[in-house]
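Read the structure below first, then the notes.
This is how it looks when you write it as structure tokens:
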């Protein structure tokens with residue numbers, strides 16, 4: 073007997089909400105707002121990676137549904153902060169923009185990542201190439217350093233977590249922690265400050 077995907081998703085969401093409420097050790101590293109947002113992002117059901125043919129196509133549909141829901145949620149909360157889309161027809165390369173507002177100024181960055189062949193067991197490595205070498209919380213190539221809480225939570229929720237969850241749990245907290253430090257230390261400048269002045 074097969075179980076409808078909606079039922080599986082609802083059960084998974086209940087388990088995730090229960091873990092968040094009881095203070096699961098894997099959720100210690102996130103603030104209440106991130107936890108609340110996470111429970112509202114649709115969970116995925118198809119366990120497939122880029123080498124899985126038709127199942128991967130189904131997984132991509134779920135990824136897009138979750139990303140659209142997350143984007144709409146952010147817009148309705150006046151917290152719109154990224155745009156991404158697949159850069160190839162296989163859905164293995166993603167590009168876009170993300171931004172962070174600090175002291176009423178918007179700092180925008182290129183965002184890119186590849187889907188690992190072992191996805192969804194392995195999370196994508198999110199890259200901000202413009203910030204490469206500007207912070208210790210980054211690997212070569214602009215790949216952001218995720219918290220030690222991220223990998224256990226991702227592993228526990230495979231295949232329910234997808235790209236939207238990686239952005240919520242990985243990139244959003246990273247931007248909130250690192251961009252103010254980079255701005256205040258002068259490592260990055262706002263585009264208006266970086267442009268040469270034409271006044272004499």
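Residue numbers (the working numbering): 73 to 272.
For glycine and all other residues, C-beta sits at the position ideal for the given N, C-alpha and C.
On a predicted model such as this, the values are computed, not experimentally measured, just so you know.
The segment 183-192 / the segment 114-121 touching (three or more Cβ pairs under 8 Å): yes
Burial state of residue 261 (16 or more Cβ within 10 Å): For the purposes of this step, residue 261 is taken as the residue at position 189 of the chain shown. Counting Cβ neighbours within 10 Å, residue 261 comes out exposed, since fewer than 16 surround it.
Segment limits, alpha helix (DSSP H) that includes residue 153: For the purposes of this step, residue 153 is identified with residue 81 of the chain shown, where counting begins at 1. Careful: residue 153 lies outside any alpha helix (DSSP H) and carries neither H nor E.
Best match in 263, 248, 251, 236 for proximity to residue 155 [C-alpha to C-alpha]: Numbered from 1 along the chain shown, position 83 holds the residue referred to as residue 155. It is 236 whose Cα lies nearest to the Cα of residue 155.
Where the alpha helix (DSSP H) through residue 256 begins and ends: For this step, residue 256 is matched to residue 184 along the chain shown. Counting along the chain, the alpha helix (DSSP H) containing residue 256 begins and ends at 244-256.
Sequence-distant residues of the same chain with beta carbon closer than 7 Å to residue 89, five excluded per side: The residue labelled residue 89 in the question sits at position 17 within the chain shown. For residue 89, the pLDDT reaches just 45, beneath the cut-off of 50, and the residue's location in the model is therefore unreliable, although a value from the coordinates is still provided. Counting only Cβ-Cβ distances below 7 Å, and skipping sequence neighbours, we find 111.
Beta-carbon proximity list for residue 204, same chain, < 8 Å, skipping 5 on both sides: For the purposes of this step, residue 204 is identified with residue 132 of the chain shown, where counting begins at 1. So the list reads 210, 212, 213, 214, once near-sequence residues are dropped.
Straight-line Cα distance separating residue 106 from residue 129: Translated into the one-based positions of the chain shown, residue 129 becomes position 57. Translated into the one-based positions of the chain shown, residue 106 becomes position 34. Cα-Cα distance, rounded: 29 Å.
Inside the segment 119-200 only - beta strand (DSSP E) runs reaching at least 3 residues: 154-158, 165-174, 177-186
Reference residue 184, options 158, 140, 150, closest by Cα: Within the chain shown, numbered from 1, the residue matching residue 184 stands at position 112. Nearest of 158, 140, 150 to residue 184, Cα basis: 158.
Between the CA atoms of residue 195 and residue 223 - distance to the nearest angstrom: Locating residue 223 in the chain shown gives position 151, where the first residue counts as 1. Locating residue 195 in the chain shown gives position 123, where the first residue counts as 1. So the alpha carbons of these two residues sit roughly 8 Å apart.
C-alpha distance - residue 217 paired with residue 249, whole-angstrom precision: Position 145 of the chain shown, counting from 1, holds the residue named residue 217. Position 177 of the chain shown, counting from 1, holds the residue named residue 249. Taking the straight line joining both Cα atoms gives about 11 Å.
Three-state secondary structure assigned by DSSP to residue 216: Locating residue 216 in the chain shown gives position 144, where the first residue counts as 1. Residue 216: strand per DSSP, three-state reduction.
For residue 241 and residue 225, believed in contact at Cβ under 8 Å, the rounded distance: Taking the first residue of the chain shown as position 1, residue 225 is located at position 153. Taking the first residue of the chain shown as position 1, residue 241 is located at position 169. The Cβ separation is near 7 Å, so the contact holds.
Residue 179 versus residue 263: straight-line alpha-carbon distance, rounded: The count along the chain shown starts at 1 and reaches residue 179 at position 107. The count along the chain shown starts at 1 and reaches residue 263 at position 191. Rounded to whole angstroms, residue 179 to residue 263 spans 8 Å at the Cα level.
Environment of residue 131 [buried if 16+ CB atoms lie within 10 Å]: Taking the chain shown and counting its residues from 1, one reaches residue 131 at position 59. Its Cβ being crowded by 16 or more others within 10 Å, residue 131 is buried.
Buried or exposed by the 16-neighbour rule on C-beta atoms within 10 Å, applied to residue 163: What you label residue 163 is simply residue 91 of the chain shown in a count that begins at 1. Per the 10 Å Cβ criterion, buried.
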